[in-house]
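For the sequence shown, the residue numbers in this note's numbering are 153 to 515.
Heads up: the structure comes next, in structure tokens.
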Amino acid sequence: MSSIRLMKSYISFEEVEKEFREVFETGMFTRGTHIQHFREQLSQFADVKHVFPTTSATTALWTCLRALEIGPGDEVVVSDFSFPATANVVEDLGATPVFADVDLDTFNMLPSELEKKISPKTKAVIFVDALGNPTGLTKIKEICEKHGIPLVEDAACAIGSAEHGKRCGGIADMTCYSFHPRKLISTGEGGAITTNNDAWADWFEVKLFHGAKGMKGVALDFVDYGFNFRLPELQAIMGSKQLTKIDSIIDERNRIRNLYIELLEPLGFVAQKTGPGVRYNVQSMVFKVPTGCNRNSLIMRLKELGVETTIGTYSMSSGTYFAKKYDDTQPNSTWLENNTITLPCFEGVEVTLVVTAIEKALA
Ligand SMILES: Cc1ncc(COP(=O)(O)O)c(C=O)c1O
153 MSSIRLMKSY
163 ISFEEVEKEF
173 REVFETGMFT
183 RGTHIQHFRE
193 QLSQFADVKH
203 VFPTTSATTA
213 LWTCLRALEI
223 GPGDEVVVSD
233 FSFPATANVV
243 EDLGATPVFA
253 DVDLDTFNML
263 PSELEKKISP
273 KTKAVIFVDA
283 LGNPTGLTKI
293 KEICEKHGIP
303 LVEDAACAIG
313 SAEHGKRCGG
323 IADMTCYSFH
333 PRKLISTGEG
343 GAITTNNDAW
353 ADWFEVKLFH
363 GAKGMKGVAL
373 DFVDYGFNFR
383 LPELQAIMGS
393 KQLTKIDSII
403 DERNRIRNLY
413 IELLEPLGFV
423 AQKTGPGVRY
433 NVQSMVFKVP
443 TGCNRNSLIM
453 RLKELGVETT
463 IGTYSMSSGT
473 YFAKKYDDTQ
483 PNSTWLENNT
493 ITLPCFEGVE
503 VTLVVTAIEK
513 ALA
């Protein structure tokens, strides 16, 4: 068992106890005031008109692609350096994920790659804020607008991040957050869709409520068929509490990042870079390992020393399923999957202890 964990959530039982008790007493576990409050809070926070909390970022992404009527014969260009959920949702709808390679410094989709991968079949682009870094999102949006292609932002990791003064959630046509425990806001499992588009919002409102809109006599009127990916009340309480603290959480994570950079760059580690005008939430503290360093051995040695670490993230095109089916592995993201490491980053982490363990592991 590692003694220094990778992440600790920013929520305690004491913070939610009062509201949890009220929910248990009233029995209002779903569609109550807390989810409504969380929606309004997120809408204000990201400066975006519509918010739809969901069960995860995966269901959020899947729902966005359904709203865009993506299916067999369509292509969706996706940032290749990501957790496979980004491409899985495309695959699940019978469309083809087209993997766009990423920048070796920012880890985000290269504009030149996007231009190359757009075809007459392209129905959407999914840009991933890799590890929470929104660098290049605005540029990708311009390219999508030029081609008239909707941009879905996989901001699973990027709550609170911003580019050129606008927070993720209010930039792309549709944005998806995750509230998984590895993220800055944890609701156990959870996510949300945001959009400024009223027509899509109407579609989400109905489809995410089983296809119901208004009443027919004393019962619901099912004007369409639909589904249910709703976030429950208890999760909304957890999300709300953390959202009020998010700016200080991000400041703290940047302080930790700066200290890691100061101590590790002299050893040859290179941190993920951000571009100008970016506020980065540091969802994951990721470094490229020094030249000649065996990243897998480093992770294993650190585990023995009691420090939990992991890879940066995945090259989706190199995963067994997608590599076999599409044979289109991307060189930069493959390199990043094999040569990056995520270090512990949370309130109170003892950075110097982690760095000492790294020095020992490298010796
Ligand atoms: C970039 C990215 N997209 C999607 C997901 C899936 O998120 P969830 O677990 O909320 O479905 C993750 C999870 O790690 C992710 O990192």
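Built from N, CA and C at the ideal position, the CB exists for glycine as well.
- CA-CA distance, residue 479 to residue 367, rounds to 51 Å.
- Here residue 330 carries a strand assignment [DSSP, helix/strand/coil].
- Within the model, the alpha-carbon separation for residue 169 versus residue 406 is close to 30 Å.
- For residue 330, the CB contacts under 6 Å within the same chain, skipping 5 residues up- and downstream, are 209, 308 and 343 in chain order.
- The beta-carbon distance between residue 236 and residue 471, rounded to whole angstroms, is 6 Å. This is short enough to meet the 8 Å contact definition.
- According to the DSSP secondary-structure assignment, residue 439 is paired through a beta bridge with 423 and 493.
- For residue 465 and residue 495, the gap between their C-alpha atoms comes out near 12 Å.
- Ligand 1 has a heavy atom closer than 7 Å to the beta-carbon of residue 308.
- A check of alpha carbon separations from residue 233 across 490, 510, 507 and 504 identifies 490 as the nearest.
- In this structure, DSSP gives residue 204 an extended state, which the three-state scheme calls strand.
- Look at residue 467 here: in three-state DSSP terms it is strand.
- In the three-state DSSP reduction, residue 292 falls in the helix class (H, G or I).
- Separation of the CB atoms of residue 266 and residue 229 is rounded to 6 Å, and the pair is thereby assigned contact status at 8 Å.
- Residue 227 is bridged by DSSP to 248 and 274.
- In this structure, residue 498 sits near residue 159, with a CB-CB distance shorter than 8 Å.
- 8 Å or more divides the Cβ of residue 468 from the Cβ of residue 259.
- For the set 247, 156, 164 and 157, the Cα lying nearest the Cα of residue 390 is the one of 164.
- Using a C-beta cut-off of 8 Å, the segment 383-403 makes no contact with the segment 294-306, since fewer than three inter-stretch Cβ pairs fall below that distance.
- Residues of the same chain with a CB within less than 8 Å of the CB of residue 207, apart from the 5 flanking positions on each side, are 341, 342, 343, 381, 382 and 383 in chain order.
- Contact between the segment 344-357 and the segment 209-226 is present: 3 or more CB-CB pairs across the two stretches fall below 8 Å.
- Residue 239 sits in a helix when the DSSP states are folded into three classes.
- Non-local C-beta neighbours of residue 201 in its own chain, meaning closer than 6 Å and more than five positions away in sequence, comprise 348, ordered along the chain.
- Residue state for residue 261 is assigned as strand, using DSSP reduced to three classes.
- Judged by their CB atoms, residue 279 and residue 324 are nearer to each other than the 8 Å cut-off.
- Residue pairing by DSSP places residue 318 opposite 315 in a beta bridge.
- Cβ neighbours of residue 172 within its own chain (closer than 7 Å, five residues either side excluded): 386 and 389.
- The beta carbon of residue 439 lies closer than 8 Å to those of 412, 416, 421, 422, 423, 424, 492, 493 and 495 in the same chain, with the five residues before and after it left out.
- Bounds of the alpha helix (DSSP H) holding residue 211 are 209-219.
- For residue 374, no alpha helix (DSSP H) run applies; the uninterrupted beta strand (DSSP E) run containing it begins and ends at 371-374, by DSSP.
- For residue 314, the closest of 217, 399, 374 and 245 by C-alpha to C-alpha distance is 399.
- A check of alpha carbon separations from residue 318 across 199, 268 and 291 identifies 199 as the nearest.
- The beta carbon of residue 287 sits closer than 6 Å to those of 258, 260, 426, 427 and 430, all from its chain and outside the five residues before and after it, given in chain order.
- Around the beta carbon of residue 203, 16 or more other beta carbons sit within 10 angstroms, so the residue counts as buried.
- Counting every other CB atom within 10 Å of its CB across the protein chains shown gives residue 186 a total of 16 or more, marking it as buried.
- Taking residue 365 as the centre and dropping the five residues before and after it, the same chain places the C-beta of 358, 373 and 375 closer than 7 Å to its C-beta, in chain order.
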